[in-house]
Every structure is written in structure tokens, then in C-alpha cells.
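S.K.: Residue numbers 44 to 213, in the numbering used here, belong to the letters of the sequence shown in order.
By construction, the Cβ of each residue, glycine as well, lies at the ideal position given by its N, Cα and C atoms.
In this text the structure is predicted, and so the values were computed from the model without any measurement.
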Amino acid sequence: MTMRRIISAGIAAAVLNVPAFALEETVTNETSSGAVVDDTAARSAAFLAENAKRASVKTTASGLQYEIFSAAETRGKQPKPTSLVVVHYVGMRTDGKVFDSSIARGAPESFRLNAVIAGWSEGLQLMTVGDKFRFFVPPQLAYGAEGVPSASIGPNEVLIFDVELLRIVR
């Protein structure tokens, strides 16, 4: 999967603060049969459970967690499921390691909400132009059990995105 495709698949946001909390690196254990047992799913669940206790974090019915860093002065239109939007973003793992950033590239990204990961589509529909949010995207709303190894996104990882909605094109 190319970096452009990953971006189009849902990586968004504005550089705010890298999270102070972090999970340990994914730990794998060899079983007697040689199969690798990955406990990232359990670590992701523990991270989300702990994160949900923070007063500033809200959780949707799907399990997406988000935090509002700044809201636009006036509440305008929100994107629809098929809207074309323009955003700045930083995508990072729970250990704070950045895997992609439109800020670092110096240019915002545009994409349709129905062409990105479910966590992005849902989260961006909560925003209006000018808002800055942080999304805590559970694996089932991101890249699931496959992950995206070429982008250093492991299987069953929670992903964190700082997102600024710059414009709704249509």
C-alpha cells in the first residue's frame, strides 16, 4: 500500500501535542509450535479503556474516542459521509512515534470521507471547518488485524490522529 493510499485511507490532522501516554512496543511470544502470538489487541483494548477515563475524551457508539483541542468560533456545516474535505493531520502510534504528517510535507491533503478508514470518516463528520480534534482510532475502525507494515502500523494497533478540518469542498 503506497503512502498516498494510506493518506487517502484516513490519516489526518494538525500538529498539536504528542501524547504523553504510551503503550509498550508490541510483544510477541513464540509458542511451542513456533506460531507467533501477538498481544497487541489486548494492549490496544487496555489503552482505550484507560484513555476513556480521561475527562476530556469522548467515546462514540462505535468505539471511536476523540478529544476537542479547539472548536471553530461559529458552528458551521459538518461533512457528510461522501464529502470531499481538506485537512492537515499528524498520524501517530500510541508510543508517540509519527508515521505520517501533512504538516511535515508542508501541504494539506484532500479526500472523500467514504474513501478513508472508518474512524476518520466518523470523526470528521463530528467536526466543522476550523476545528482541531484528536482521534483515538481502535483497530476495528482503522487497519484491523492486517495493519500496514509498510507504514509501520502493526496489526490491531490503536492509531492517534491530530486533525484540523480546513475546508469542505463539497
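1. Does the separation of the CB atoms of alanine 175 and phenylalanine 90 fall below 8 angstroms?
2. Would you give the residue range spanned by the beta strand (DSSP E) that threonine 102 belongs to?
3. Specify, as a first and last residue, the run of the beta strand (DSSP E) that glycine 162 falls within.
4. With 16 other CB atoms within 10 Å as the buried threshold, where does isoleucine 139 fall?
5. How long is the line joining the alpha carbons of glycine 197 and methionine 135, rounded to whole angstroms?
6. Across the region 125-132 and the region 206-213, are there enough close Cβ pairs to call them in contact, namely three or more that are closer than 8 angstroms?
7. Quick one: what's aspartate 143 bridged to in DSSP?
8. Do the CB positions of leucine 169 and proline 124 come within less than 8 angstroms of each other?
9. Taking serine 195 as part of the beta strand (DSSP E), name the residues at either end of that continuous run.
10. Is glutamate 116 helix, strand or coil when you go by DSSP?
11. Which residues does DSSP list as the beta-bridge partners of valine 129?
12. Can you check which of these residues, Gly119, Pro122, Ala104 and Thr137, is closest to glutamate 93 by C-alpha distance?
13. Take glutamate 165 and list the residues in its own chain whose beta-carbon comes closer than 8 angstroms to its own, dropping the five residues that flank it on each side.
14. Less than 8 angstroms between the beta carbons of isoleucine 146 and phenylalanine 179, yes or no?
15. Just grab the DSSP bridge partners of phenylalanine 204 for me.
M.R.: This is what the structure gives:
1. With the sequence shown as reference, residue 175 is identified as lysine, and alanine is not the correct amino acid for it. No Cβ-Cβ contact shorter than 8 angstroms links lysine 175 with phenylalanine 90.
2. 100-102
3. Counting along the chain, glycine 162 falls outside any beta strand (DSSP E), though it belongs to the alpha helix (DSSP H) covering 161-167.
4. Per the sequence shown, the amino acid found at residue 139 is glycine instead of isoleucine. Exposed, by the Cβ-count rule.
5. 12 angstroms
6. yes
7. Answer is Gly134, bridged to aspartate 143.
8. Cβ distance not < 8 angstroms, so leucine 169 and proline 124 don't count as in contact.
9. It is not in any beta strand (DSSP E) - serine 195 carries neither H nor E in the DSSP assignment.
10. The answer is coil: DSSP assigns glutamate 116 none of H, G, I, E or B.
11. Ser153 and Arg210
12. Thr137
13. Apart from the 5 residues on each side of it in sequence, glutamate 165 sits with its Cβ closer than 8 angstroms to the Cβ of Thr103, Ser105, Leu107 and Leu184 in its chain, given in chain order.
14. no
15. Gly134 and Phe178
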